[in-house]
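The block underneath contains the structure these notes are about, expressed in structure tokens.
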Amino acid sequence: MAEYWGVKVEDIFNTMKDRFRPEGAKDVDAVFGYDIAGEGKWKLTVKNNAMTLEKADQLSGCIATMSADGETFVGVNTGKVDATNAFMSGKFKVEGDMGAFGKTGKLFRKFVLAKKEMTTKEYLADMFATIVPRFKAREAEGLEASFGFDLGGPDGGKWTVFIKDKVCTVTETIEGKPTVTLEFNDARDYVDFILGKIDAQSILAAGKASAKGDINMMASKWPILFEKYKDPMAGAVQEQELLVLKKTISLNEKFSTGPIMGKFLKGLKEKKIFANRCPECGRLQLPPREVCAECRVRAGEFVEVGPKGEVRYMDVVYYAMPDPLTGVARETPYGSIFIRLDGCKGNETLPHFIRKDQIEKIQRGWNEKKGTRVRPVWEEKRIGDIWDIKYFEIDE
Amino acid sequence: MAHQKKNRNVGIIGIGQTKHSSHREDVNQPELIHEAVSLALKDANLTMKDIDCVVHGNMELFEMVHSPDLWHVLGTGAYGKDSIRITTGGTVGATLSCASDNLVASGMYDIVMAIGFEKLQEGHTTGGITNMACPLWFRKIQAGALTGSSAYDVEREFGLERADRASLMYRIIMDKHASLNPNAHRAFGLDFSQIDDLIRTSPKLVGELKLIEMCSQSDGACCVIYACEKKAKELSKIPVWIRDHITVHKEENFTIFGYDRKYPVLKTHKFAAEQLFKRNGINDPLNYFDVFEMYDPATWWAIDWIRDFFNLQGDEHLRLIEEKEIMIGGKMPINPSGGVIGSNPIGATALVRVAEAALQVRGNAGPHQIPTPVNHALASGFGGTMWTVMTMLEKELNW
Chain A
22 MAEYWGVKVE DIFNTMKDRF RPEGAKDVDA VFGYDIAGEG KWKLTVKNNA MTLEKADQLS
82 GCIATMSADG ETFVGVNTGK VDATNAFMSG KFKVEGDMGA FGKTGKLFRK FVLAKKEMTT
142 KEYLADMFAT IVPRFKAREA EGLEASFGFD LGGPDGGKWT VFIKDKVCTV TETIEGKPTV
202 TLEFNDARDY VDFILGKIDA QSILAAGKAS AKGDINMMAS KWPILFEKYK DPMAGAVQEQ
262 ELLVLKKTIS LNEKFSTGPI MGKFLKGLKE KKIFANRCPE CGRLQLPPRE VCAECRVRAG
322 EFVEVGPKGE VRYMDVVYYA MPDPLTGVAR ETPYGSIFIR LDGCKGNETL PHFIRKDQIE
382 KIQRGWNEKK GTRVRPVWEE KRIGDIWDIK YFEIDE
Chain B
85 MAHQKKNRNV GIIGIGQTKH SSHREDVNQP ELIHEAVSLA LKDANLTMKD IDCVVHGNME
145 LFEMVHSPDL WHVLGTGAYG KDSIRITTGG TVGATLSCAS DNLVASGMYD IVMAIGFEKL
205 QEGHTTGGIT NMACPLWFRK IQAGALTGSS AYDVEREFGL ERADRASLMY RIIMDKHASL
265 NPNAHRAFGL DFSQIDDLIR TSPKLVGELK LIEMCSQSDG ACCVIYACEK KAKELSKIPV
325 WIRDHITVHK EENFTIFGYD RKYPVLKTHK FAAEQLFKRN GINDPLNYFD VFEMYDPATW
385 WAIDWIRDFF NLQGDEHLRL IEEKEIMIGG KMPINPSGGV IGSNPIGATA LVRVAEAALQ
445 VRGNAGPHQI PTPVNHALAS GFGGTMWTVM TMLEKELNW
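Next comes the structure, spelled out in structure tokens:
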């Protein structure tokens, strides 16, 4: 099995169980298929806030199946490949119920590359290998000293760091009598001490370590002579000063309707739909407006239209667009319809929504061809709002 | 309506553009703007001292920042200068260009800088577009800028198969152009062999409008510097002259695109193009222009609008696409930049059209430069409830 960025396709699947979020699976009861070219097929079953995953020969019975090559699949899951790009360009495909597949996004925590651990031996090797590069020669003017390290335990060892004529050298033994020698019973404590996981006081107090010779040289001079050791594992998480500040705002709004829109909205309260007529071109405006924008004359005469009419056009909306008024994505698919109410002609249409379960049955009108007849379904309690009409439904 | 150049001619002498992307978390808004401003000044070999007035624009509140021109002064360089903010929806970039042209042509200023900007990742684009609708009722029903009505129209007129294939053909041509443009946001590397596959697998957004057929939400900025004829000739070896521009707004209306050809609504693209070409004595625009940077937010609109802009008959517009005549090297190259469908930082987008058309006239657009001479270029902007701005650019002052 090929690896991409150090990750195999199987690694993504094998960690699914650990990454599963039952809270993200509340309304999900479905089988999803994954077809990874050259790698195999997997079936993911989600039911009762739990999941099972199996390798499969074929993917029948899945509500949606995603297919991609191994590189794209691993790349998208590890953030190495831009998911939108891969999806739009067809490298990452979903067949079947797209909306259902969208829910898999909430089913799992993100896949995180397993961090390789460094052993005590590796840390010690790295710590002493970086001593010379970390040495600050300008701080060693006129200084001649040696620092011995005697670190016990299975991973331990001995080192001496010499400083003379502003030059630093390291040997892997203790030679002669160093200016100061640091002794640790267990080298692991030394590593933890350098990494800042335990402090000097607690080590010394517990008798786990001791210093012999010019202690002040170790305590005060060492930190000035050398740059602080950087944990290469911590470096894997890049520190940066870039932040994204997230804000959610909610503002109150109020709008005056004016007398013309006021008449229309008040009409809805009384289950009446009003348009107004341009005295010049004779067209009806729905909802009514103060003037006819084309003829630039005041449009005064109100005409009650509908409430039944025919669908001239319908957009079936699949994309779960968030409603900016509530922040909640409208449930898809829904039918956004343009209705020519009885008494109107041409493009004198009113936009509204169709009853959700009737989308499939709607016939759009076109030239002389008639569209499906519909009627409004009114709210019990009406307040003078476009939503006083809940939706339109087929008038049979 | 006659529309002769007012007091004096105006030339474009500097162009700067950021890379368009959905990942510009590395900069804040003034910093993003500053990138484009710096590039335009460098391109014109000028400093901010030479700029008399700054015209700033983007979509209103799309980033939820009120009076952004005040805060953006850090990036625009408008501190201590005359500065104007313009916001006219999707057309704002084109309107910035018109306004700058007018400000210089009038004699008010010698050198004006137009800056169009957007950082769509920072706000709520669908919310912004929806909030453009009447707050008394239509906001509650509308949702963003997506509609399948144009797809429905083209399919009814030419059949599902031909319509779908033309739409994807257009999309892939734009992607091939975007792949040549280092500033383009989306360059997937699509190939014509993928047409059938994408028709089948690209998810539907609304009606027959598929994901691959719609533009993205980009971050980006564009800056263009305009100078009077005298200064333009002094300062630039290759000024690009603005011959004319036109703006047509339709009444605010809900049947924006119409859905029934028996009852046509005013098609502002067609109307604007007819007026513009007539008053400039251009009888055959398809032959006259060497390149067209068209504001094409979706493939279906693009297909339909090619017909409107050039007043084509029957299926001429489809054949231009099917025979790849809109590709670089074709009879009428459309959007060598990759177009809006390749990059859409909305407040900058329509200015990018003018900038890219001007680059083509200059002949140094980069890898997406048209190989044959470009003397006459056309740019369009689109926004609102079907609004149009068109701009004509010329290499020579000889019209």
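Taken in order, these protein sequences are the chains called A and B.
According to the working numbering, the stretch in the first sequence is residues 22 to 417, in order.
According to the working numbering, the stretch in the second sequence is residues 85 to 483, in order.
Even glycine gets a Cβ: it sits at the ideal position worked out from N, Cα and C.
Note that the coordinates shown come from a computational prediction; the quantities given were computed from them, not determined experimentally.
Within the DSSP bridge table, the entry for B:ARG270 names no partner. The beta carbon of A:ASP336 falls within 7 Å of a beta carbon belonging to chain B, placing the residue at that interface. Interface annotation, B:ILE225: in contact with chain A, CB-CB separation under 7 Å. Under a 10 Å Cβ-count criterion, B:ASP281 is classified as exposed, with fewer than 16 other Cβ atoms of the shown protein chains found around its own Cβ. Using a Cβ distance threshold of 7 Å, B:PHE393 and B:ALA357 count as a contacting pair.
Apart from the 5 residues on each side of it in sequence, A:PRO309 sits with its Cβ closer than 8 Å to the Cβ of ILE281, MET282, LYS284, PHE285, PHE295, ALA296, ASN297, ALA320, PHE323 in its chain, given in chain order. Among the residues of chain B, those whose CB is under 7 Å from the CB of A:VAL265 are GLU109, following chain order.
When beta bridges are read from the DSSP output, A:ASN297 appears opposite A:GLN306, A:PHE323. ILE407, TRP408: these are the residues of the region 396 to 412 of chain A whose beta carbon lies less than 7 Å from some beta carbon of chain B, given in chain order. B:SER105 sits in a strand when the DSSP states are folded into three classes.
From the listed residues B:SER184, B:ILE418, B:ILE283, B:HIS329, the smallest Cα separation to B:GLY141 is found for B:SER184. Interface annotation, A:SER110: in contact with chain B, CB-CB separation under 7 Å. Counting only runs of at least 4 residues, the region 123 to 170 of chain B fully encloses the following alpha helix (DSSP H) elements, listed from N- to C-terminal order: 152 to 155, 157 to 160.
With contact defined as three or more Cβ pairs closer than 8 Å, the region 79 to 96 of chain A and the region 52 to 71 of chain A are in contact. In the DSSP assignment, A:ASP213 falls within the unbroken alpha helix (DSSP H) covering 208 to 215. Interface criterion not met: the Cβ of A:PRO154 is under 7 Å from no Cβ in chain B.
The region 149 to 162 of chain B makes no contact with the region 438 to 457 of chain B; the number of CB pairs closer than 8 Å stays below 3.
Against chain A, the CB of B:VAL424 has no partner CB under 7 Å away; the residue lies outside that interface. Residue pairing from DSSP places B:TRP471 in a beta bridge opposite B:GLY467. Taking a cut-off of 8 Å for Cβ pairs, the region 98 to 115 of chain A and the region 41 to 49 of chain A do not touch, as fewer than three such pairs fall below it. Leaving aside the five residues that flank A:MET37 on each side, the residues in its chain whose CB is nearer than 8 Å to its CB run, in chain order, LEU65, MET72, LEU74, PHE129. About 19 Å separates the beta carbons of B:VAL176 and B:VAL188, which is beyond the 8 Å limit, so they are not a contact pair.
Taking a contact as a CB-CB distance under 8 Å, the pair B:PRO429 and B:SER302 counts as one, their CB atoms being some 4 Å apart. The C-alpha of A:GLY27 is placed about 42 Å away from the C-alpha of B:LYS408. Of the residues assessed, A:LEU263 falls on the exposed side of the cut-off, its CB having fewer than 16 other CB atoms within 10 angstroms. Between the alpha carbons of B:GLY207 and B:GLY161 lies a distance of about 24 Å. Counted as a single uninterrupted DSSP element, the stretch harbouring B:HIS329 is not any alpha helix (DSSP H) but the beta strand (DSSP E) occupying residues 324 to 332. For A:TYR355, the enclosing beta strand (DSSP E) has its first and last residue at 355 to 362. Contact of B:TRP221 with chain A is assigned, a C-beta pair being separated by under 7 Å.
Annotated as distal: A:VAL395 and A:VAL337, with beta-carbon spacing of 7 Å or more.
Taking 7 Å as the cut-off between beta carbons, the residues of the region 310 to 333 of chain A near chain B are ALA314, GLU315, ARG333, in sequence order. By the rule that beta-carbons nearer than 7 Å mark a contact, A:LYS251 does not touch chain B.
Counting the other Cβ atoms within 10 Å of the Cβ of B:LEU274 gives 16 or more, which makes it buried. According to the DSSP assignment, B:TYR310 belongs to the beta strand (DSSP E) that extends over 303 to 312. For A:TYR25, DSSP records a beta bridge to A:VAL28.
The region 69 to 127 of chain A is shown to contain whole beta strand (DSSP E) runs of 3 or more residues at 71 to 77, 85 to 90, 113 to 117, in chain order.
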